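Data first, discussion second: the structure below is written as structure tokens.
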Amino acid sequence: MSTAGLNRLGLKRKDEAWLHEALSSPTTRFVPLCNGKVCVAGPPASTVLLETGTWEDVWLLGEAEGTTYVAVEIDEDTWAELPVPEGARLASLREVATLLPPLESNMLALAAGLSAWHRTNQFCGTCGAPTRPEAAGHVRRCTGCAKEHFPRTDPAIIVLVTDGDRCLLARGPQWPVRFASALAGFVEPGESLEDAVAREVFEEVGIVVDEVEYQSSQPWPFPASVMLAFRATAATTEITMDPTEIADAQWYSREDVADGIVNLPGSVSIARRLIDDWIAEGS
Ligand SMILES: [Zn+2]
1 MSTAGLNRLG LKRKDEAWLH EALSSPTTRF VPLCNGKVCV AGPPASTVLL ETGTWEDVWL
61 LGEAEGTTYV AVEIDEDTWA ELPVPEGARL ASLREVATLL PPLESNMLAL AAGLSAWHRT
121 NQFCGTCGAP TRPEAAGHVR RCTGCAKEHF PRTDPAIIVL VTDGDRCLLA RGPQWPVRFA
181 SALAGFVEPG ESLEDAVARE VFEEVGIVVD EVEYQSSQPW PFPASVMLAF RATAATTEIT
241 MDPTEIADAQ WYSREDVADG IVNLPGSVSI ARRLIDDWIA EGS
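Just so you know, the sequence shown maps onto residues 1 to 283 in my numbering.
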């Protein structure tokens with residue numbers, strides 16, 4: 001879902017003349033969303049795109065390869081009547097994100113994120129009056145106090161803790177048996193990312209870390225996060241699990257992880273990239 005060639009056209013969002021032209025252009029494509037679900041056809045999975053029409057609640061997504069893309073919120077009755085390809089269906093983004101081409105996955109992450117934000121920000125958190133969309137769907141303004149509200153993204157950290165030639169992997173209480181991944185959690189107010197890494201690791205498995213090092217990031221729009229990946233070195237190694245967060249946590253040798261002693265997250269996840277990069281360093 002990361003960088004995939006979508007120009008988000010941030011400077012066009014308040015350009016009413018440009019927007020009017022884009023919405024009536026025969027080359028613009030509309031990306032439908034229905035009750036928080038995205039619309040896909042296939043396999044192979046592809047995003048259902050609609051041709052220009054008259055729509056309310058449209059949000060500018062951006063431009064890619066000469067085509068302007070706009071998200072449009074539709075209801076189930078409209079969906080049932082749309083001229084969509086055979087086999088087209090409504091699906092959660094989480095279900096299809098890894099099946100779609102990168103550009104479509106990136107675009108739907110923005111569309112679904114905006115959709116969820118619009119649905120849950122109908123009223124002003126300051127004065128309680130209704131809000132209305134502006135800036136091609138990227139701002140909501142309060143009709144009472146005029147405050148502008150922007151889509152939020154909640155930072156979360158994910159960290160691979162290592163101790164020499166072994167790493168710590170854990171399984172959450174709801175996860176399948178034999179599945180294991182890196183530790184993760186949300187950043188709290190007033191906390192640096194490095195402090196969040198150290199706190200989450202200590203809370204979940206009782207280990208003190210040092211040498212916290214940033215690796216990379218990945219959008220995580222389920223519904224509104226960005227995942228920031230770190231590597232950290234263990235200063236202590238005795239595991240004390242928090243049973244509400246962790247069902248199992250163990251140190252695994254590089255060889256055992258490479259041999260598949262546990263089932264790892266899917267290949268497009270940032271957790272898997274953290275683990276694969278660490279395995280590759282040992283070969
Ligand atoms: Zn207000």
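For each residue, glycine too, the CB sits at the ideal point set by N, CA and C.
From a predicted model like this one, the values you see are computed outputs, not experimental measurements.
Beta-carbon contacts of residue i that lie in its chain and below 8 Å, excluding the five residues immediately before and after
| i | result |
| --- | --- |
| Trp18 | Lys12 |
| Ala112 | Leu33, Gly36, Val38, Leu93, Pro221, Pro223 |
| Ser253 | Asp165, Arg166 |
| Cys127 | Cys142, Gly144, Cys145, Lys147 |
Buried versus exposed, by CB contacts within 10 Å (16 or more), residue i
| i | result |
| --- | --- |
| Lys37 | buried |
| Ser105 | buried |
| Val177 | exposed |
| Tyr69 | buried |
| Ala80 | exposed |
| Thr162 | buried |
| Arg171 | buried |
| Arg152 | exposed |
| Glu86 | exposed |
| Ser267 | exposed |
Length of the line joining the Cα atoms of residue i and residue j
| i | j | result |
| --- | --- | --- |
| Cys124 | Arg132 | 10 Å |
| Asn35 | Glu76 | 8 Å |
| Asp277 | Thr67 | 36 Å |
| Val31 | Arg140 | 20 Å |
| Ala247 | Ala196 | 21 Å |
| Val209 | Thr237 | 9 Å |
| Ala182 | Ala249 | 10 Å |
| Leu60 | Thr28 | 11 Å |
| Val96 | Val48 | 13 Å |
| Leu160 | Glu203 | 15 Å |
| Leu333 | Ala280 | The chain is shown from 1 up to 283; residue 333 falls before or after that span and cannot be answered. |
| Ser216 | Ala258 | 21 Å |
| Val187 | Gln218 | 15 Å |
| Asn7 | Leu168 | 38 Å |
| Ala235 | Gly260 | 26 Å |
| His138 | Gly206 | 41 Å |
| Tyr214 | Pro101 | 27 Å |
| Ala71 | Gly282 | 45 Å |
| Asp154 | Ala184 | 13 Å |
| Arg119 | Glu134 | 14 Å |
Contact set for residue i: own chain, Cβ-Cβ below 6 Å, skip 5 residues either direction
| i | result |
| --- | --- |
| Pro265 | Ser181, Ala271, Arg272 |
| Leu274 | Leu160, Ala182, Ala229 |
Nearest-angstrom Cβ-Cβ length linking residue i and residue j, presumed shorter than 8 Å
| i | j | result |
| --- | --- | --- |
| Ala116 | Val40 | Ala116 to Val40, Cβ: 17 Å. No contact. |
| Ala291 | Ile158 | For residue 291 there is no data in the structure shown, the boundaries of the chain being 1 and 283. |
| Leu50 | Leu82 | 7 Å |
| Ala156 | Ser225 | 5 Å |
Beta-carbon proximity list for residue i, same chain, < 7 Å, skipping 5 on both sides
| i | result |
| --- | --- |
| Leu99 | Ala45 |
| Leu9 | Leu60, Gly62, Glu63 |
| Ala136 | Arg13, Leu19, Trp59, Leu60 |
| Glu73 | Leu33, Asp57, Ser115 |
Practice task
Entirely within the segment 46-84 and at least 3 residues each: give me those beta strand (DSSP E) ranges in chain order.
Solution key: 58-64, 67-74
Exercise for the section: Could you tell me which uninterrupted beta strand (DSSP E) segments, each at least 3 residues in length, are contained entirely in the segment 140-169, listed from first to last along the chain? Expected result: 154-163
Practice task
Could I get the ranges of all uninterrupted beta strand (DSSP E) runs contained in the segment 178-220, with 3 residues as the minimum, in chain order?
Solution key: Entirely contained in the segment 178-220, the beta strand (DSSP E) runs reaching 3 residues are, in chain order, 183-186, 209-220.
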